[in-house]
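Number of protein chains: 2
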Amino acid sequence: MATSNTQRSERNPDKTRQVILQAAFMEIYRKGYQGMRLDSVLAETGLTKGALYHHFSNKQSLGYAVVEDVIQPMMASIWEEPLIAADDPLAALAEVIETLPDKKPRELILFGCPLNNLIQEMSPQDSGFRERLDTVMSNWHATTEKALINAQEKEFIRADIDCHETATFIMAALEGCIGLAKSAQSVDRLRSCLRGLTQYLQSLEN
Amino acid sequence: MATSNTQRSERNPDKTRQVILQAAFMEIYRKGYQGMRLDSVLAETGLTKGALYHHFSNKQSLGYAVVEDVIQPMMASIWEEPLIAADDPLAALAEVIETLPDKKPRELILFGCPLNNLIQEMSPQDSGFRERLDTVMSNWHATTEKALINAQEKEFIRADIDCHETATFIMAALEGCIGLAKSAQSVDRLRSCLRGLTQYLQSLEN
DNA sequence: TACGTTACATACCAGTTAGTATGTTTGTCA
DNA sequence: TGACAAACATACTAACTGGTATGTAACGTA
């Protein structure tokens, strides 16, 4: 009964799994899925092949797990939580977008959006990735659309606006801004580009 | 003196180089630079290692050449030529954007934009790629900005618009739309998303 | 406390892939 | 026409990389 719960490293399979997932995520974020090397992931965690292949059946399933267990919750925490119960959903949306460069400016400019990176790389090549990534996109779209509908009901934005289509465009424009900043590797360029998006958001106002 | 100029395959180094470049471009377009295999390129062309390493010093320089000699001219032909001398630059811009899904719908949805793909994959990893891709982006931005300034001078769009920033946002939004369509693999979704962009363009009008 | 299972570690393998060394043919030019 | 360089082809290698086979220590459990 004397289980040492001091999160030390005696034996903790759940934590081990998370450690692998997190390291794999960072490697994929930096090098892409195809560029990610299992050996690099293991070197960073201090674990070995045995541990990795105990928790994941192969490289592909590790990649899938990164989408489902890392990227999906990450997107939810960034978007769902701030938007779900905001008084002014449009303002909340603009707030999230504008403060994005402040969170992790260096990583965001260097490596872009983890979700978008994987979509661009893997969607055409692997249907398993495509379906999982599409699910994350659908969830994101749903929360964005809900926020817009909510804002429309509260008459913050015009009644003639197609919330479904607008949500799609906002997502696209945002990913586009982040992606464009990557070629220039400049925070200023990111902010400048995002200003165009906030202007667009303003053009929706009632 | 009897050089058979019937473009047959006696010996034609320039053509050989172009054949390699074109095959490499398609492989990169489909699999990414890291996913592109020299053997696949050679298999498609019917050539061998000797030919490839005679024209290019290594994989990297082949990748660089694809950016400079294939992607750069491709972007120029799509953007510069239609916009450079249009009577109504804003309408011409909207025209290019709207007709984009009609050109190569299948490839565009499956594999996205060749330029954006390479930026997202290679900019963080290889400064040689980054600089060359940034040059292409700068040229594209210059022509877009010129079109906007031209439209502003002809009073097609409002005088208070920052053409530099707006050009950046248009590029970002367009790449975003194309990228988003990839996860859904749907032409409808691309068109729907582009409608948001054309709406934005309309909001610039005088 | 013996036993089986989980959670790893270690050692190794086979296929892939960029790159090289060398040979051969074609065109050019003195 | 003979020599020389350009334009390839062929054969090979070394390193990487995902995956496997096997061993072992921790943990729950009857």
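As they're listed, the protein sequences go chains R and A. Going left to right, the first sequence walks through residues 208 to 413 as my numbering numbers them. Going left to right, the second sequence walks through residues 208 to 413 as my numbering numbers them. For glycine and all other residues, C-beta sits at the position ideal for the given N, C-alpha and C.
Buried or exposed by the 16-neighbour rule on C-beta atoms within 10 Å, applied to residue i
| i | result |
| --- | --- |
| A/Y240 | buried |
| R/Q201 | Because residue 201 of chain R is not part of the residues shown, which for chain R are 208 to 413, the question remains open. |
| A/G383 | buried |
| R/A292 | exposed |
| A/Y407 | buried |
| A/Q327 | buried |
| R/R215 | The pLDDT assigned to R/R215 is 35, lower than 50, so where the model puts this residue is not dependable, and the model offers no usable value. |
| A/R337 | buried |
| R/S330 | buried |
| R/E288 | exposed |
| R/S284 | exposed |
| R/A354 | buried |
| R/E234 | buried |
| R/P220 | exposed |
| R/P308 | buried |
| A/G403 | buried |
| R/G257 | exposed |
| R/R218 | exposed |
| R/A298 | exposed |
Residue i at chain A interface by Cβ criterion, 8 Å
| i | result |
| --- | --- |
| R/A230 | no |
| R/I364 | no |
| R/F318 | yes |
| R/Q241 | yes |
| R/N323 | yes |
| R/M281 | no |
| R/S393 | no |
| R/L404 | yes |
| R/Q327 | yes |
Residue i beta carbon near the ligand FMN (any heavy atom closer than 7 Å)
| i | result |
| --- | --- |
| A/T351 | Inclusion of the ligand FMN in the displayed structure is not the case, the ligand content being empty and no account of it being possible. |
Cut-off 6 Å between Cβ atoms - residues of its own chain near residue i, not counting five sequence neighbours on either side
| i | result |
| --- | --- |
| A/P321 | Y236, I278 |
| R/N357 | P296 |
| R/P312 | V394 |
| R/V226 | T252 |
Simplified DSSP state of residue i, which is helix, strand or coil
| i | result |
| --- | --- |
| A/I291 | coil |
| A/E338 | helix |
| A/I304 | helix |
| R/G239 | coil |
| A/E217 | coil |
| R/D333 | coil |
| R/G403 | helix |
| A/D276 | helix |
| A/C384 | helix |
| A/N357 | helix |
| R/T375 | helix |
| R/Q327 | helix |
| A/K263 | Residue identity differs from the one stated: residue 263 of chain A is Phe in this sequence, not Lys. In the structure shown, A/F263 sits in coil (DSSP, three-state: anything other than H, G, I, E or B). |
| R/T255 | coil |
| R/S284 | helix |
is_contact[residue i, chain R] using C-beta, thresh 8 Å
| i | result |
| --- | --- |
| A/G233 | Reading off the sequence, residue 233 of chain A comes out as Met, not Gly. Cβ-Cβ to chain R under 8 Å: no for A/M233. |
| A/A298 | no |
| A/E372 | yes |
| A/M378 | yes |
| A/R206 | Limits of chain A in this structure are 208 at one end and 413 at the other, which puts residue 206 of chain A out of reach. |
| A/Y407 | yes |
| A/K389 | yes |
| A/E412 | no |
| A/E287 | no |
| A/Q332 | yes |
| A/G383 | yes |
| A/G253 | no |
| A/S399 | yes |
| A/R244 | no |
| A/L340 | yes |
Neighbourhood of residue i by C-beta, 7 Å cutoff - its chain only, sequence neighbours within 5 removed
| i | result |
| --- | --- |
| A/A272 | L228, F263 |
| R/I368 | Q359, L411 |
| A/A231 | M243, V248, L269, V273 |
| A/N413 | E362, F363, I364, R365 |
| R/D276 | L228 |
| R/R398 | P308 |
Residue i - partner residues in DSSP beta bridges
| i | result |
| --- | --- |
| A/I364 | A/E412 |
Chain-order list of residues whose beta-carbon lies under 8 Å from that of residue i (same chain, five-residue window excluded)
| i | result |
| --- | --- |
| A/F318 | Y236, R237, N324, K389 |
| A/Q392 | I316, L317 |
| A/G335 | Q267, Y271 |
| R/T351 | W286, L290, L300, A374, I377, M378 |
| A/H282 | Correcting the residue type first, residue 282 of chain A is Met in the shown sequence and not His. Here the set comprises L322, V343, N346, W347. |
| R/L259 | I227, L245, V248, L249, L269 |
| A/R396 | L387, A388 |
| R/V303 | I285, W286, P289, L290 |
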